[in-house]
Amino acid sequence: MTEVKLHANVSSPFSCRVVWALQLKGIQYDYIVEDIIYKKSAQLLKLNPVHKKIPILEHGEKTICESMIIIEYIEETWPQNPLMPTDPYERAVARFWVKLADDKIPAIWRVFLTKGEEQEKSKKESLEMLRAIEDHAGLEKKKYFGGDRIGIVDIAFGMMVLWYGVIEEVLGVKLFEAQAFPRLHAWTMHFKNLPVIKENLPDRDYLMAGFIDYRDNVLAYL
1 MTEVKLHANV
11 SSPFSCRVVW
21 ALQLKGIQYD
31 YIVEDIIYKK
41 SAQLLKLNPV
51 HKKIPILEHG
61 EKTICESMII
71 IEYIEETWPQ
81 NPLMPTDPYE
91 RAVARFWVKL
101 ADDKIPAIWR
111 VFLTKGEEQE
121 KSKKESLEML
131 RAIEDHAGLE
141 KKKYFGGDRI
151 GIVDIAFGMM
161 VLWYGVIEEV
171 LGVKLFEAQA
181 FPRLHAWTMH
191 FKNLPVIKEN
201 LPDRDYLMAG
211 FIDYRDNVLA
221 YL
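Quick note on the UniProt record's numbering: the sequence shown kicks off at 1 and runs consecutively.
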């Protein structure tokens, strides 16, 4: 029996964060598919009774929730193929960008699942996040956020390589334009073409169909 189990769903960029980290570390694990929209399992509710969401990592008797907390646990438990820099200052910088990702990425979900004034406000917040990364993350000098190797910050912003585009297509809007954010677009190409990332992305058509259905169901109650 595998010691590590991941409760996740391929449609979730937060689940994919953990999958990428496990794959980059070369850790064997069991993948347990969870339906997080229509029927949450009893096991999911037992393992994460506070937030009732994925991803959830089981490591033996230990249970860890929240994608970036899981990844820090993975980093500290399995030191091979490090995702964090060793220099204390560089680690602090990495944590800054990871926090920004977790603080600001929800705006794109609000764009997706709202309409009217609230949607416009969330569009503005999403564009402000993209501009902050474009202008201040130093990507004009680096292939990835941390340099020449993929790291924890790249994983934190990973939804930009696929999910942003799907959301834009479903809504018929364009936020993440190549001419407006050339450095970020160059980064997405480097990131998503890495075999470990490319091989662990959901099918775009499958993702699109699921997102259309989910949005229609949510908006029906607004």
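For every residue, glycine included, the Cβ atom is placed at its ideal position computed from N, Cα and C.
Name the residue from 136, 52, 187 whose alpha carbon lies nearest to the alpha carbon of residue 37.
Per the Cα distances, 52.
To which residues does DSSP link residue 65 through a beta bridge?
DSSP lists 56 as partners of residue 65.
Identify, in the order they occur along the chain, each residue of the same chain with its Cβ nearer than 6 Å to the Cβ of residue 86, setting aside the five sequence neighbours on each side.
Hits under 6 Å: none found.
To the nearest whole angstrom, what separates the beta carbons of residue 71 and residue 150, a pair I think is in contact under 8 Å?
Contact doesn't hold; Cβ gap of about 12 Å is too wide.
Have a look at residue 223 and residue 193 and give me their C-alpha separation to the nearest angstrom.
Nothing can be reported for residue 223, as the shown portion of the chain is limited to 1 through 222.
Could you check if residue 136 is buried or exposed, using at least 16 other CB atoms within 10 Å of its CB as the buried criterion?
Result: exposed.
Under the DSSP definition of a beta bridge, which residues are partnered with residue 7?
Looking at the DSSP assignment, residue 7 forms a beta bridge with 32, 56.
Would you list the residues sitting across from residue 144 in a DSSP beta bridge?
Answer by DSSP bridge pairing, in chain order: 147.
When you compare each of 63, 3, 170 to residue 109 by their alpha carbons, which one comes out closest?
Residue 170 is the option with its Cα nearest to residue 109.
Verify whether the separation of the beta carbon atoms of residue 68 and residue 98 is less than 7 Å.
In this structure, residue 98 lies closer than 7 Å to residue 68 by Cβ.
With the cut-off set at 7 Å, would you say residue 6 and residue 29 are in Cβ contact?
Yes. Within cutoff.
To the nearest angstrom, report how far apart residue 60 and residue 132 are at their CA atoms.
Residue 60 and residue 132: Cα-Cα distance of roughly 40 Å.
Please list the segments of the beta strand (DSSP E) lying wholly inside the UniProt domain "GST C-terminal" (87-211), counting only runs of 3 or more residues, in order along the chain.
With a minimum length of 3 residues, no continuous beta strand (DSSP E) run stays inside the UniProt domain "GST C-terminal" (87-211).
Measuring alpha carbon to alpha carbon, tell me which residue in 16, 23, 8 is nearest residue 40.
Ranking the options by Cα distance to residue 40, first place goes to 8.
Here's a check: name, in chain order, each residue in its chain whose Cβ is nearer than 8 Å to the Cβ of residue 15, leaving out the five neighbours to either side.
Correct list, in chain order: 6, 8, 9, 54, 55, 67.
Nearest to residue 195 by CA position, among 134, 2, 24, 187, is which residue?
Among 134, 2, 24, 187, the Cα nearest to that of residue 195 belongs to 24.
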